[in-house]
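Visitor: Starting off with a structure, shown below.
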Amino acid sequence: MNSPPMRRLRLTWGGATDQGRIRANNQDAMYADSALFVVADGMGGHQGGEVAANLAVRTVANADRSNREQLRDAIIEANRVVHETALEEPELHGMGTTLTALAVSQEADSHQFVILNVGDSRVYRHRDGELEQLTEDHSYVAELVRRGELDNQAAEVHPYRNMLTRAIGVHADVEVDEWLLEPVAGDRFMLCSDGLTNELADTEIAEQLGLGQDPSTSAKALVGLANERGGRDNSTVLIVDVQVEVIESEEANLSSETTDSPTSVITPPNEPNPSKDRSKDLSDRTEQTSNIKERSWLYDRVHIKLSAVVIALVLLLTSAAMVTTIGWYARSSYHVGVVANHVVIQKGRIGGLLWFEPTLEHWTDIQTVQLTEQDRQRLVNGEQMSDLDDAKLFVSNLRSRLIKGADGN
Ligand code: MG
4 MNSPPMRRLR
14 LTWGGATDQG
24 RIRANNQDAM
34 YADSALFVVA
44 DGMGGHQGGE
54 VAANLAVRTV
64 ANADRSNREQ
74 LRDAIIEANR
84 VVHETALEEP
94 ELHGMGTTLT
104 ALAVSQEADS
114 HQFVILNVGD
124 SRVYRHRDGE
134 LEQLTEDHSY
144 VAELVRRGEL
154 DNQAAEVHPY
164 RNMLTRAIGV
174 HADVEVDEWL
184 LEPVAGDRFM
194 LCSDGLTNEL
204 ADTEIAEQLG
214 LGQDPSTSAK
224 ALVGLANERG
234 GRDNSTVLIV
244 DVQVEVIESE
254 EANLSSETTD
264 SPTSVITPPN
274 EPNPSKDRSK
284 DLSDRTEQTS
294 NIKERSWLYD
304 RVHIKLSAVV
314 IALVLLLTSA
324 AMVTTIGWYA
334 RSSYHVGVVA
344 NHVVIQKGRI
354 GGLLWFEPTL
364 EHWTDIQTVQ
374 LTEQDRQRLV
384 NGEQMSDLDD
394 AKLFVSNLRS
404 RLIKGADGN
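Here the sequence shown is numbered in this note's numbering, starting from 4 and rising by one per residue.
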């Protein structure tokens, strides 16, 4: 008795990435093997974005990931690794990355696709000429659109359109969106960074994907189009075509399997065993780092707010310290002067300093008419003394020189 025909999942893929025309380097990263496809878009000054994207992708690629739980755990682990690295390395502080993945997942007795996403890189499905975005962007603007507070047109020009609300490595914990899909023959998946979708409309992407070119050619064409439209960001495209073969042979009684389709940019042609050190599948497509940071995190806004508070506190404390110092200086000395025709000792600088006015320390019975002309002239502007004893000694000396008989009456 013959076994019923079995279905075998066959995937072919190809990808392309480019730094674009503005950026000095490529902070996108991608990875592909027979069961995992990942695109990451790193951000962060200095080398942060490049490090974050590659670290995250490598962590996921090297993890156990045969089912959706393991895949989700791998992304959570990637978040931990990026976050802790950022904390340990001052020059990488604040780095983060998006990460979107399509993977073959063993679910019960069949293989399915699982899509996982953090950030605003995207997974699309092209089916029967229609392009559908499967992932939801974790961006401030996308959330406004989902809540009905902004339409798509306004979102495209919104000043915060590139501000992420969720990313790998920014916080100690991360929430991962995931979807499970049944493999359908003829489906074409596209993973991409926002460098593509910010330059091309969905209709243009759909048109290109529908030309029937092989995945690698199609991916390169899309990246080329993004550059033609300005190439304002790194752009990365990874395309996966789904074929389902019917296997008649009992020997081929596999519920599903995938076949590698090495491309020039994704997978080395002679990869002996994808389960061993998959990180070497990652080519060095990301180049030197850039300080250009077109996008920002919502996290950055919080950070900026916190920084502003810290700066305000520092300024406040500095101001308080300055006021205290000036106050101490203004009030630390004495001077001998004249008030209401009497010689007095006052605490503070002659004429005051800023808002620190001198205060009366000691009233004497010596009147200016009793002073010699020379002493009177000396006291017109006051005599600054370093301390109260000096001031008292000065007054004592004045008293010894008073004009006899001149009592002011
Ligand atoms: Mg980008």
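Glycine is no exception: its CB is placed at the ideal position from the N, C-alpha and C atoms.
Among residues of its own chain, excluding the 5 on either side of L391, which ones have a beta-carbon nearer than 6 Å to its beta-carbon?
Guide: Hits under 6 Å: Y337.
Visitor: Kindly indicate which three-state DSSP category V179 falls into: helix, strand or coil?
Guide: Note: V179 maps to coil in three-state DSSP.
Visitor: Are there any heavy atoms of the ligand MG lying less than 6 Å away from the beta-carbon of D197, as far as the coordinates show?
Guide: Yes; taking the cut-off as 6 Å, the Cβ of D197 has a heavy atom of the ligand MG nearer than that.
Visitor: Quick one: measure Cβ to Cβ for I242 and S221, integer angstroms, because I've assumed they're closer than 8 Å.
Guide: That belief holds up - the Cβ atoms of I242 and S221 are roughly 5 Å apart, short of 8 Å.
Visitor: With a threshold of 6 Å (Cβ to nearest heavy atom), would D236 be considered close to the ligand MG?
Guide: Checking the Cβ of D236 against the ligand MG gives yes.
Visitor: Return yes when the C-beta of D44 is under 6 Å from any heavy atom of the ligand MG, and no when it is not.
Guide: D44: yes, Cβ under 6 Å from the ligand MG.
Visitor: Which term fits V326, buried or exposed, when burial requires 16 or more other beta carbons within 10 angstroms of its beta carbon?
Guide: Exposed.
Visitor: What is the DSSP secondary structure of S219, counted as helix, strand or coil?
Guide: Looking at S219 - three-state DSSP - the assignment turns out to be helix.
Visitor: I need the straight-line Cα distance from R298 to R169, nearest angstrom please.
Guide: Unreliable placement is indicated for R298, whose pLDDT of 40 sits below 50; no coordinate value is reported for it.
Visitor: Compare the beta carbon distance of F40 and L134 with 7 Å and say whether it is the shorter of the two.
Guide: For F40 and L134, no; Cβs fall outside 7 Å.
Visitor: Just to confirm, is the Cβ distance from R232 to E202 under 7 Å?
Guide: In this structure, E202 lies closer than 7 Å to R232 by Cβ.
Visitor: Compute the beta-carbon to beta-carbon distance between D44 and G122, rounded to the nearest angstrom, for a pair I have assumed lies under 8 Å.
Guide: Contact holds; Cβ gap of about 7 Å.
Visitor: Which word fits A55, buried or exposed, when buried means at least 16 other C-beta atoms lie within 10 angstroms of its C-beta?
Guide: Classification of A55: buried, given that the 10 Å Cβ count is 16 or more.
Visitor: Which whole runs of the beta strand (DSSP E) in the segment 182-248 are 3 residues long or more, in chain order?
Guide: Here the runs fully enclosed are 191-195.
Visitor: Taking the alpha carbon of G52 as the reference point, which residue from T88, R24, L74 has its own alpha carbon closest?
Guide: Ranking the options by Cα distance to G52, first place goes to T88.
Visitor: Kindly indicate which three-state DSSP category H96 falls into: helix, strand or coil?
Guide: Three-state DSSP puts H96 in coil, outside helix and strand.
Visitor: Suppose contacts are defined by Cβ-Cβ distances below 7 Å. Is A81 in contact with V63 by that definition?
Guide: The answer is yes: Cβ separation under 7 Å.
Visitor: Return the first residue and the last residue of the beta strand (DSSP E) that S108 is part of.
Guide: Segment 102-110, the beta strand (DSSP E) holding S108.
Visitor: Quick one: complete beta strand (DSSP E) runs, 3+ long, within the segment 361-394?
Guide: Complete beta strand (DSSP E) runs here, min 3: 362-370, 386-388.
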